[in-house]
Structure formats: structure tokens, C-alpha cells
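Residue numbers (my numbering), protein chains in the order written: chain A, 277 to 1102; chain B, 18 to 238. Below is one structure; the comments refer to it alone.
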């Protein structure tokens, strides 16, 4: 029988020659599913490649020494350490801008003192060490860091380029002498590094950060990529809905052909085999087209994603796609797997149907009734899974259960999607019963029941896309509101000063004399190790590095600074803060399950302090834990240097005059002072960019769902005309029938949109209360936007009306002769 | 060629089991033709489906070209149908997406017995010359049925089963199609079993049997 398989496959495929619309719909579904999925995977793969290269570099391979006061290290300090016999190596790091505007990180190393096995010293290049060390030197760069010009914006030229594929993106490595000339760093070096474990303690005046305590970009960005993957998976599922709708329709319309083939001696097994071969053939076409488009889409979105990852996590991601071989194989496998998943049900039905009933619509109708029953049961199972996950999550500490959170949302979506067709069928049955005395409406409802099997998958896809759109839209909108409020609360000073740390004392004294300045909000930063956490349940050792941040409480800052939880009330919390208690940010509180009243033991060279937590506060956008202290306390206990100063001005003060006086008096650079509006603008810009890809994927998913609906309607346009023609023959005007078609679909979409509202709210809740807490460490308030809901409903109806318009228009414009022919076919 | 021995078939219905065939036995020799007549619901089509291996009897045996159909697995029954049987239906059952010529060659291709000369001869004899590239819906009812007969005979099967082959045609066309069918059956020397309720169709055949309430009775027309 194998010999006849090509004949059977060729016969099956002839169907699409006569129904190219169905073929287009099938390929469209595959293409879209595969394109969105593979596009996101291309972005993830490229980002992971960048992280892997960055991880392999010094960041996580070397212990680092920096000055405790935050000031730059000097060559003299390095020499002193070497003379003391310490195995250290200098490193210089800075940013350069090429003539074409490309910003690159420049790292200067001394390969002679750097640990021999360090990849930065080797970086996959076989060129000799002498060429690297001596003029004209060499510039090592990965292919995605190569620029079109080797001339810098300041006119200087880079040393000759040498390819070093293992280097991170946008990073150049050269000898420290060459780097010092380009960066004009004079006597300064950025850090001193040493082989892991080579030093037992930090030399005096320096802090030692162990390599294994430096968080890698891969760890920090894991949740971001998980979010992307979830959105990609959603788009993939929506695409597969189209595929399944197309396959189901194609099979239904080929029932006669299948019956004939069986009667002519093609066994059921051979027929399923031939259908599978057909699926794989079509799948390969769709997958290849999808993967190619996915790579194109990834190229389009990658700059925004790279900017987001850079601004959120400080993680460098190459702007050029770098795809390993398993990406292509994986993309193909996922596309074909999805196709077999979507087509599996169809194959199963084809294999099970009785040969003598194969050509009969009744078999499919009873099949659909069974399907509705299975959908109800499946929906109940998914709802059960969602309930179980919800209950489980309630017993977990906040911040745990990222995957379970996604699972809960997926189960909710699945339950709602599976319940949609049975609900619509029930609603139509009830309405049909109620409108028995209004023949045309009664017919329209009965007709809609007939259409439901063919439309249900597209409606399910629409429900999922609408709910996700509303859910993610509300989350982003709520986040935006919260973030802007939070910025307003924290940025209370109109002017912010960033000066060298040694100048702050003089500046502070000078500003104290100025009548224009009502408050000086000095901030300080320092690092420490969070050694122990003491809670009501006991204590546990941590040993993790932590950032200490000092603020100046006062009339401007204290009343507005947002606090999430306090032991008693705000006033008591601030009073304790003034007397040495600390606040911890939400990220740290979530990660370590801390609450006000708990105590922390912090250590730094020569310091060991146990402090009480007075409150927790929100700290959006910060990927790490942070401890907040009053600035004087931080200076006194941890010797923290000043890092910035907010200047609160009296009313009617000319900001410009003060700015000029300050810069002139202390010889500050022009960018030492920033105004509040500028900081807010930059922060908001970063925020908007962070969600660019989310919005883009959301819109694409909705567009895919709209296409699914349109494709379903177009694919059955012919049979719809056969349904409508008898009514036209009975005297119902064509325009009225066309309108009825629009109302039928608009109504169904409206009901779908209504169901999408509570589902969308549930998704928003899942995102803000579970996913965000687990992924980013902060919880957002749940905001609902009635306008967004109205837009969701309007979108549902608009998508349906747009999809129904073309077939309705065709019917309305059909010639009487064509309609008579349809009527005769009845 | 075909032998049914004490065949029973019952279908479940909401009103209880419905006995469709009750102890039916018949024999059709190679090259012989037989008409099976009866009223609607008498079990004619069921008998044809069982003979073709499309369905299985509850009891009894069916031997087709030396094979016991009831004991064969589904793939083996399909092979038997492909190679030993031609089937003609009242509703033609042509593949709408294949041209007339592709429809004609379909079963022969499936059975690996596609003979271009024989196909060309059939096209000529069936009066389909010039219509080879048309799709089924572009042909008249008579042309469609002639095409279905050609498809059934294209692999030169030893047995042709026809279910009301002229039931969907007007009187004149039905007569033409019948004459063509019998003529080709004689040429190919295949056995023929025709299910019909038309005495005109049954008359030219070698034998005629009648089914009533699922039981076979001899008929002399």
C-alpha cells in the first residue's frame, strides 16, 4: 500500500488547488505561530549567547578590589599592592564613541599579570602577546562589536582590529597602556582584579568582592526571558488555533473524498498516514517561512530588547542575531510538533469515523456535540488545575512560584477558552427557544448554531488574545501610574548634583549659606555583606553582598517617601529611621521574607552592625536588594562616601543663577547638575522602552486572532452562501441577509468580549500579584481601567465586523444568477 | 467469485435492534451477472456493503475471490477492495478536486494497475473524449456516472458491485448508461452484482434475486 501513498497524498492535496483560501489559512496559522515563537527564541538565544560571553569574562571569573570611598583607584595604589607581594592585576574600563556614533565598552588589561586562564587574556585569538603589548597594539573585538570605522568621535584611532569571538558584545579589549591613551584616564585605573580566592581579605581602604557573589546577567534577566517566552508561547497557541480550524475545515470538506478513497481500497491506516504526510509537507513549508520571518522579526525587535535589558539589568546584548544550530532545529521541531498537536485531533477523528458514515454531515454534527461535551470537561479540568495552583500559591511566601503563576494564568486561559463554545452553544439554544415567534431572528440564531463548530476555534483564539491584551495592558497601565507616582514621591528636589565625593563637604557648607536653598538632601552609597537575618522564626545566615543607600530625611522627603509596611505607623518608622533603624526595599523583603521588626547583621571591613528594620519601601526598576539608612548614620557606621545631593529650593528662586554660581564656584562639569524633569524624562523613556516588546507582541497576538476569524469566515464563505440563498429565494432582501450575518458575528464577538473582561482582570491580578513579585521582586497595586475594557469590547466587535464584512459584501453583491445556482445546489 | 453463507446483520436503533439481513446466502460465479431487488429498507445496500467489505456481518461468512472477508483485518479488506472490486454508486462519489481523467485513473493508480492504453480506450468508450480536463461538477449526471463506471473498471477487477447505478438519472440517460455498463462488463468478463429496484435494470442480467425484510427469495421477474 506504501506505493499508493503518493497517489493518495496527491489526491488529498488537489483539494487545496480548488480551495486556495483554506491552504492560505493553514499556512498563515503555521507561519504566524512559527514566526512569533521563533522570533522570540531568536532574541532569547542571542541574549543568552551575549550573557554566556559576558559571564565567561572577568565579571564572574575574578575577585575585584575597589576603593571603599568610591573614588577611582590609581596606578600608585596598584604598584603599592604589587610591591606588597599581592597577586593583583590592573584593569581600566570606560566608554568610547566611534565617529558613526556607536558606543562601545573599552577594557584595558595587563595580560602579563592577569590570571593565565582568564578568558579575557586569551579571548580566542592566536595572535602573539608581543603584538598585543606593543605599539601599535591590537584591539580585540567580537564580530558583533566590529564597527564601520576605527576612528573615534574625538578623532583618535583604534589600534588594528583582531577578531576575538568569545568577547562580549559591544566590548573592545586592548592593552591597558593603549586603553589609557584612548580614555585619557591619566593616572587612574577602574579596578584591581585578582584570581578567585587569591586574597583572604581586602587590603586596607579597599573592598573585596568575590567573583561568585557577582550576579551574572543570565541570572538577573532570567525572569524577563521567561516573560518573553510566555508571550511567544501564547502567540504560538493562538497560531495553532488557526491551524486546527483550517485542518478541521479542510477535513470536513474532504469527507466525501475520504469516503471515496476508502471505498476504492485505501485502508484507514494508509489514509491517516497520507494525511500525516500532507501535514508534514505543509508543516515544513509553514515552518521554514515562519522561522525566516521570525528571524526578521527578531532583528526588528532586538534593539529595543537590548536597550531594555541594558537599562533594567545593565546586561549587554549584541545588536546582531547570533543563532546556534539548535535554534534552527528547535524552531522546526516546535513548528512541526505544534502542527501535529493541532492536527492530531483531526487525524484521530478521521481514523475513528465509520467508513459508511464518513461522508455524512450527521457524523460530524454528533462528533461536534461530543466535542462540546469534551470541551466542558476539559475546561472543568483546567479550572480545577487553576484552583489547585491558586490554593498552593496562597500558602507560598510572596515571590515564590513564578512557573506556578504562569501555570495558573495558562490554566485560566485554557479553562475559559474551552468553556467558550459550550457557553455560546447554550446561549444560542436558549435564545433560539425564546425567539420562536420571530422567524428571521429564530433562523439567524439557528444558523449561528450551525456555524459555531467552524467558528469556535477562531472565537477561542479571539477570547485568549483579547483577555491577554486587556490583562497585560492593565498591568502595564497600572505599572506606569505607580511608577510615575513613585518617581514624583522620590524625586522631590528640583535640582540634583553629582560631584566628586571629596567636594561634597565644601559644597554642602557653601550651600548652607545660600538663602535660595531650603534643604540639602545628601545621599550616600556603600556596599556591605548581609550576614544574618533575624526574624521572629529564628535566624539564618546569608553572606550575600548588599547595597546600602543613605538618604536625608526631612520636610521635603519624609512626608512623600512611599512605605509599603511599617511596624506601627509612618511617624514611628521615620523616628526609628532617624535613630539608626533601616528600611529595606521590597525586593529584599520578598527574597528573604523580611518584615518590619526583623533584624539584619551587616558587615564591612572593620564593621559589624545589627540593625532593626523599621519599614519596607517600593523600589521599582531596581533588580537588587537595597537597605536604606539615614545618610549621617550610613556615614558614621559604614564610612560611606556621598554620592549625590538633591537641592530643594525656596519659591521664586532662579534655578539657572544658582546652577551657574555652583558650577563656577567649584569648577563642576556642565553635566554635574541635572534637573528633576530631565531625570523623570529619562526614567519614563526607559520605562516606555521596557514595554515596547510586550506591547508589540500583544498587538501581534490580537492581529493573529483577527486573522484567524477572517480566515475561518472566508474559508466557509461558499457554504454560507448556500445557507443564505434559500432565504433570499423566499423573499428576504440580500442587504438584510448581509446585515444579519454581521449582527450574528458581532453578537458572538460581543459575548466573547464580555467573557474576556473578567478573564483579563484575572490575568492582570496574576501578573501584578504573582508574576511580577516572583520575577522582579515588587508587587503592584491592581488598577482597572474602564476605558481599556470598553476598548476591549469594541475591539472584539470591530474585529468580528471587519472579518464578516468581506463575505457579507460578497453576498450582497452576488448576482441573482449566482444565488439561484446556490439555491439549486440545495 | 462471491459467496455469502448464512449472513446475519442487525443494527442498533433507539427503538431496539433492527434485523437487516437474516440468514442470507447467495453465490455469484466468475463472469456471471446478478440483480438484487427489493423495496427501500429491505437490506439491499447493506448486503452490498458487506460484500464489498465496507462492513462486517454479525454471523455467517462472505467469500470474495477466495478470501473470507469477515476474517480479514481492515487493511487486507482494503487491499481486496482495491484490487478485486469495482464499485459504482447511485451518487457517483467522484472526487470533486480531481479532473475527469484523474478520477478515471484513481483506483487503477491505487492498485498499481494504471494502463494508459486501457484508460484511453475507456475514455473513448465512455464518451468522455474532450472532457478529460473537466471537473466533476462541470459534467452532466450521465457523464458523471459513466466516469464512475470507468473508474471502477479501470483496474480490470474480477467483480463489479453497483448500487442503483441509474437511480439518479433520467430514463433515456439511464438506458444509455446501463447499456454501456453491461457492454463493458462483457468486454472485461467481470462478474456483476447490481442492487436495484428497477425491473429494466434487472432484466438483461443472468439472474435476479429479491430481498424482503432481510430475507432472500428467488425471483423470476
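Glycine included, C-beta positions come from ideal geometry on N, C-alpha and C.
When 8 angstroms is used as the limit between beta carbons, residue 95 of chain B is near these residues of chain A: 277, 538, 541, 542, 543, 544, 546, in chain order. The beta carbon of residue 294 of chain A sits closer than 8 angstroms to some beta carbon of chain B.
Around residue 533 of chain A, the beta-carbon contacts reaching into chain B at under 8 angstroms are 112, 113, 114. Not flagged as an interface residue toward chain A: residue 163 of chain B, since no C-beta distance is shorter than 8 angstroms. Between residue 1049 of chain A and residue 866 of chain A the beta-carbon gap is near 6 angstroms, inside 8 angstroms, which marks them as a contact.
Per the DSSP secondary-structure output, residue 825 of chain A pairs in a beta bridge with A/801, A/904. The Cβ-Cβ distance between residue 1075 of chain A and residue 733 of chain A does not fall below 8 angstroms. Counting other Cβ atoms within 10 Å of its Cβ, residue 815 of chain A stays below 16 and is therefore classed as exposed. The contact set of residue 1028 of chain A on chain B, defined by CB atoms closer than 9 angstroms, is empty, because the minimum CB distance reaches about 34 angstroms. Not a single CB atom of chain A sits nearer than 8 angstroms to the CB of residue 185 of chain B.
The three-state reading of DSSP puts residue 723 of chain A in helix, counting H, G and I together. With its beta carbon less than 8 angstroms from one in chain A, residue 129 of chain B belongs to the interface. Using a Cβ distance threshold of 8 angstroms, residue 700 of chain A and residue 735 of chain A count as a contacting pair. A Cβ-Cβ contact shorter than 8 angstroms links residue 891 of chain A with residue 841 of chain A. The beta carbon of residue 124 of chain B sits closer than 8 angstroms to some beta carbon of chain A. One finds 114 in chain B with Cβ atoms closer than 7 angstroms to the Cβ of residue 291 of chain A, taken in chain order.
When only Cα atoms are considered, residue 977 of chain A and residue 144 of chain B end up about 55 angstroms apart. For residue 372 of chain A against residue 458 of chain A, the beta-carbon gap comes to about 6 angstroms, under 8 angstroms, which counts as contact. Below 8 angstroms, too few C-beta pairs join the segment 925-934 of chain A and the segment 847-863 of chain A to call them touching: fewer than three. Residue pairing by DSSP places residue 773 of chain A opposite A/921, A/949 in a beta bridge. For a Cβ distance threshold of 9 angstroms, residue set 99, 126, 127, 128, 129 of chain B lies close to residue 280 of chain A, ordered along the chain. Under the Cβ criterion of 8 angstroms, residue 132 of chain B is not counted among the residues facing chain A. Residue 92 of chain B reaches chain A at 277, 543, 544, 545, 546, counting residues in chain order whose Cβ is nearer than 9 angstroms. DSSP lists A/805, A/884 as the beta-bridge partner residues of residue 879 of chain A.
Rounded to the nearest angstrom, the Cβ distance from residue 669 of chain A to residue 687 of chain A is 12 angstroms, too far for a contact under 8 angstroms.
Among the residues of the segment 59-90 of chain B, those with a Cβ less than 7 angstroms away from any Cβ of chain A are 66, 71, 72, in the order of the chain. In the structure shown, residue 836 of chain A falls within a coil segment according to DSSP collapsed to helix, strand and coil. According to the DSSP assignment, residue 861 of chain A belongs to the beta strand (DSSP E) that extends over 858-861.
Around residue 287 of chain A, the beta-carbon contacts reaching into chain B at under 7 angstroms are 112, 115, 123. With the rule of 3 Cβ pairs closer than 8 angstroms, the segment 1063-1071 of chain A counts as touching the segment 739-748 of chain A. If you draw a straight line from the Cα of residue 357 of chain A to the Cα of residue 915 of chain A, it is about 22 angstroms long. Here residue 375 of chain A has 425, 427, 428, 429 as same chain residues with Cβ atoms under 7 angstroms from its own Cβ, once five neighbours each way along the sequence are excluded.
Under the three-pair Cβ rule at 8 angstroms, the segment 171-178 of chain B counts as touching the segment 95-110 of chain B. A Cβ of chain B is located within less than 8 angstroms of the beta carbon of residue 283 of chain A. Judged by their CB atoms, residue 51 of chain B and residue 223 of chain B are nearer to each other than the 8 angstroms cut-off. In the three-state reduction of the DSSP assignment, residue 225 of chain B falls in the strand class.
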